[in-house]
Each structure stands twice: as C-alpha cells, then as structure tokens.
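Written below as structure tokens is the structure these notes are about.
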Amino acid sequence: MSINPKSHRSVFSMIKLILAAIALVVTAQATGHHSVTGQFDVSQLLELEGTVQRVRWVNPHIYIQLEVTEENGEATLWSLGTVPVAMARRAGLNADRLMSNGEPVSVTVFPARDGTANLGWMNSIEFSDGTSVSIVPDRR
Amino acid sequence: MLSNPVISTRKDRSRFVLLTLATLTMISPFHIAAQSENSTPTPLLPNDKPDLTGTWYNDEMGWINPIIDEDGSIVCIVGCELLVAARARARGEEPPAAAPSSYNDGAPNRPLYKAQYQERVKELDERQVEFDPALRCGNPGLPRIGPPDSISQRTDQVIFMYEDLGGAFFRIIYTDGRDHWDNPETTFLGDSIGYWDGDTLVVEAVNFNDETWLIDDGAFHTRGLKVTERLSRVGDTILYQATAEDPEVLAEPWEMTPRTLVLDANPQMEPLPCVELDMDHIVDGTHHDNAR
C-alpha cells in the first residue's frame, strides 16, 4: 500500500507548524468559507504516491484526482481538495503543473474526518522533476 | 476633472484642459496633490463623466504572499509568515513584522444590529456551515460580493461584472434617469439605478430578496435592504465605497471598508464555475472569520 504515515517526530513537528497556520489557509476568500479543520483531520498527515488523473480547476476549492497504485497492484482513486483558484493563481500555479504530464507525484494529505475513503486535503505535492508546491509550509 | 458647459466638443475640452493646466496648479493645491498621486488622465465619456470601463484589480488576495524558491518550487502559499520568520531566525536575523492576515488586516468591521436581533446573528454565525447561503455556490448578494471585477459603461447604463467563488454574476445599473422597477421580482443583487454626484457614480440598489448575508458572520438582512455604492475614478484607480441600510434590523447604516481598485492591463480571465464538493463532508461548524 502506497500510504506512508511519516515518522511520529517529523509528522509532529510539521503538524505543529501546519496547525499554527491552518487558520490562515481558510481565511482566503472574501465570501464566507468553512474551515479545513471542520472537514479534514489535521492531526494526521498521510503521504501518497501516484499520478494525477484529473484537475478540477474550480471554486471554491481546486480538486485533483490522484491514482494510487496499492501494493496488491490495484489502483485507488483519491479525491484531494486544496486552495481556491485565486490563491493558486497568485502563487503562479496552474492546472497543467498539477497534472505534471502524468508523471508520478508525491502528495501529503489530511484525510477526511467523516471517514469517507480516499478523500483528503492536499497540503503539498512534489513533482518528479524535484520541484514542489506546499500550501502551508514546513519549516525547511 | 473640470467640466465646463460652454465646451461642446472633445477637441474644445482638450484645448481647455491644456490652456488652464497652469492656472489649476496655481490655485488648487488639492488638485496638485490629486494629480501627483495619479498623473494618468481620467478618461471621459461623451457626457463628460468619468469612464469606469475596464478590468479592475481590487487586491483581495494582496495579503497572500507566496514564497517561490529559485528552482520554481512554491514553498508556501498561505501562512508564509511563519516560514519567513523561521528562515530569518535561521540566518540570525529578527523576523519581519507580521504581514496582514486579510486584505484589511483582520480589522473587524461588522454591521451593528438592533439588540433584539443580535442573538439571531450570533446563532447564524455559529451555524454558518448550515445556514450561510454563499457556501453552496450561492449568490453572495450585495455588498458582500464586493466591488466589480470588470465594468462596461455607456452613457445610459453601466454593467458591473463579477468573478466570485459562487460563479460569474453581473448587474446592469441604469443611469438614464429611470426609477426602480415597479412590482419587481426580488433578486440576490437588487435592482440598481445610478446617477452622478459630480464625478462620482452613485448606485442605489433595492428590491433584494432576503437570501443573502451582508458579510460572513450571520449578518442577515431583510427585503428592506438598500445598498448605496459610490465609485470615484481618478486616473487608473477607483475608490469603491458601499453602505448598507436595513432599518428593520440594523441599528445604523453599515459602511463596508472602502476599497481601492486599480486598472488591470491583463485580460479578464474566464470566470470559473462553482462546484461544491465539500459541504457533505463537514463534520462540525468550524469556520473562520472573514472581517470586512
């Protein structure tokens, strides 16, 4: 299974920083918006590897579909939400970059709190060329 | 910008402006100040009123300052001040002053409700994820939608166009002297008429439905809402102001924080659709506060 919970210490350090900034993640838009923490479990940070199958470049949240190949060879499709388009544009991010030509990517994800399988909030994505996008930063 | 009733052609107007510029600089320090702040001439329509046509950047995302490393990695989109501070400390430097956390630096600006309605506002605020009409790709209403992103103006009407999280919206503001609709259908963005107060476009909107909020925090209104907007263009900027009046529920008129719009030379991108994929998975009412 290509889900790798990071080591407890590194996850804890990253989560502290992320929790401190998570309120800022959700104060994005001029109109009201629910909180990431109301939907996703920010105490867990999962790492997934797969290929981006689709990018839904929409509001209020961009969503990507990530195909993860499990250890048994079966493919699982994850639905990962992230920031609104206006934020992504401001950072110079676009749908093509997220698609990354179908190349393998690694993402860190907060899973859904309501137990919905394969649903999460994408906090970072690392591309096969070594570059990455972090929504809320780690301390490096 | 001066207008003169004896000037009947654009050529005359241009000559007049050129000939009197020296006089203006001698007798009007305020005019000097205004011109020095924005030396771009304000374009005019044939009726000598400022032409508000254009795509306007309102810096709603200006408080977001992503950090992009040399290799093109976007190391941070939001919450970057923590990383900036950490990097500064790693270099042995003092972290810079905290950056704004919203476009008005989080300074709260909320409508004041009559005492008998404050509990309802509080309840709607706490249960925003259940009751906020804008959270499910709804029309945010006025003035919550904010200033227009694009304006197209004629002498008899002005069209405001918006790209909002809830989708693309537009309003037609009639400036031909007509009154509000008779027996209208109530709407999300109201029925708007406009007139000129000097060089300021004043827009009055009424006949709203009651399905929107003034801001995010449970700020409901009634069908008696009236919104007055003022747009003043100087050069390539517009000062946008909006006041909401709802005497039934508000203790006083509420003034939205004024916004400065800057002419955007970039083409207006296609407004995106709103596709709501989250609300069915919300576990609790956790939500943030969007100060106005």
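Chains as they are written, first to last, in the working numbering: chain A, 1 to 140; chain B, 1001 to 1292.
All C-beta atoms in this analysis are idealised placements derived from N, C-alpha and C, irrespective of residue type, glycine included.
Buried or exposed by the 16-neighbour rule on C-beta atoms within 10 Å, applied to residue i
i                 : result
Trp1196 (chain B) : exposed
Met1269 (chain B) : exposed
Thr116 (chain A)  : exposed
Gly1122 (chain B) : Gly is not the amino acid found at residue 1122 (chain B); the sequence shown has Lys there. Label assigned to Lys1122 (chain B): exposed.
Gln1116 (chain B) : exposed
Gly50 (chain A)   : buried
Ser1192 (chain B) : buried
Phe1170 (chain B) : exposed
Trp1181 (chain B) : exposed
Arg1233 (chain B) : buried
Gly92 (chain A)   : exposed
Cutoff 8 Å; reference residue i; Cβ partners in own chain excluding five residues on either side
i                 : result
Asp41 (chain A)   : Phe110, Pro111, Ala112, Arg113
Gln1128 (chain B) : Leu1135, Asp1216, Asp1217, Gly1218, Gly1285, His1287
Within chain B, partners of residue i - CB distance below 7 Å
i               : result
Asn59 (chain A) : Leu1165, Leu1272, Cys1274
Selected residue, minimal CA-CA separation from residue i, among the options
i                 : options                                    : result
Glu1163 (chain B) : A:Ser35, A:Asn59, A:Val52, A:Gln39         : A:Asn59
Gly1190 (chain B) : B:Leu1052, B:Lys1226, B:Leu1214, B:Leu1083 : B:Lys1226
Arg1144 (chain B) : B:Pro1096, B:Glu1185, B:Thr1243, B:Pro1271 : B:Thr1243
Ala1086 (chain B) : B:Val1078, B:Glu1185, B:Pro1096            : B:Pro1096
Met122 (chain A)  : A:Trp78, A:Glu74, A:Arg97                  : A:Trp78
Asn1047 (chain B) : B:Glu1276, B:Asp1176, B:Glu1081            : B:Asp1176
Thr82 (chain A)   : A:Ser124, A:Thr69, A:Thr76                 : A:Ser124
Pro1247 (chain B) : B:Gly1224, B:Asp1179, B:Gln1153            : B:Gly1224
Asn118 (chain A)  : A:Val36, A:Val136, A:Leu48, A:Thr37        : A:Leu48
Ala1265 (chain B) : B:Lys1049, B:Glu1130, B:Thr1053            : B:Thr1053
Pro1043 (chain B) : B:Pro1108, B:Thr1237, B:Gly1092            : B:Thr1237
Val1158 (chain B) : B:Tyr1174, B:Pro1148, B:Pro1147, B:Leu1272 : B:Tyr1174
Tyr63 (chain A)   : B:Asp1278, B:Val1283, B:Ile1282            : B:Asp1278
Residue-chain proximity (residue i, chain B), Cβ-Cβ < 8 Å
i                : result
Val136 (chain A) : yes
Gly130 (chain A) : yes
Pro111 (chain A) : no
Gly38 (chain A)  : yes
Met99 (chain A)  : no
Thr76 (chain A)  : no
Asp96 (chain A)  : no
Ala80 (chain A)  : Checking the displayed sequence, the identity of residue 80 (chain A) turns out to be Leu instead of Ala. No, its Cβ sits nowhere closer than 8 Å to a Cβ of chain B.
Leu46 (chain A)  : no
Neighbourhood of residue i by C-beta distance below 7 Å, restricted to the same chain and skipping five residues each side
i                 : result
Glu1126 (chain B) : Gly1285
Cys1274 (chain B) : Cys1137, Leu1165, Gly1166, Gly1167
Tyr1113 (chain B) : Val1121, Val1249, Leu1250, Ala1251
Close-in-space but distant-in-sequence residues of the same chain around residue i (CB under 6 Å, 5 per side omitted)
i                 : result
Phe127 (chain A)  : Ser100, Val105
Glu1211 (chain B) : Pro1133
Ser1150 (chain B) : Thr1055, Met1161, Gln1268
Under 8 Å by beta carbon: chain A residues contacting residue i
i                 : result
His1281 (chain B) : Gln39, Ala112, Arg113, Asp114, Thr116, Leu119
Proximity test, Cβ basis, 8 Å: residue i and chain A
i                 : result
Met1061 (chain B) : yes
Val1129 (chain B) : yes
Leu1083 (chain B) : yes
Ile1077 (chain B) : yes
Ser1152 (chain B) : no
Interface residues of chain B facing residue i [CB-CB closer than 8 Å]
i               : result
Val52 (chain A) : By Cβ distance, chain B contributes nothing, its closest Cβ being about 16 Å from Val52 (chain A), past 8 Å.
Val83 (chain A) : Ile1077, Val1078
Within chain A, partners of residue i - CB distance below 7 Å
i                 : result
Asp1264 (chain B) : Those do not exist, as Asp1264 (chain B) stays about 13 Å from chain A at its closest Cβ, beyond 7 Å.
Per-residue contacts from residue i into chain B (C-beta, under 9 Å)
i               : result
Gly92 (chain A) : Pro1066, Ile1068, Gly1072, Ile1074
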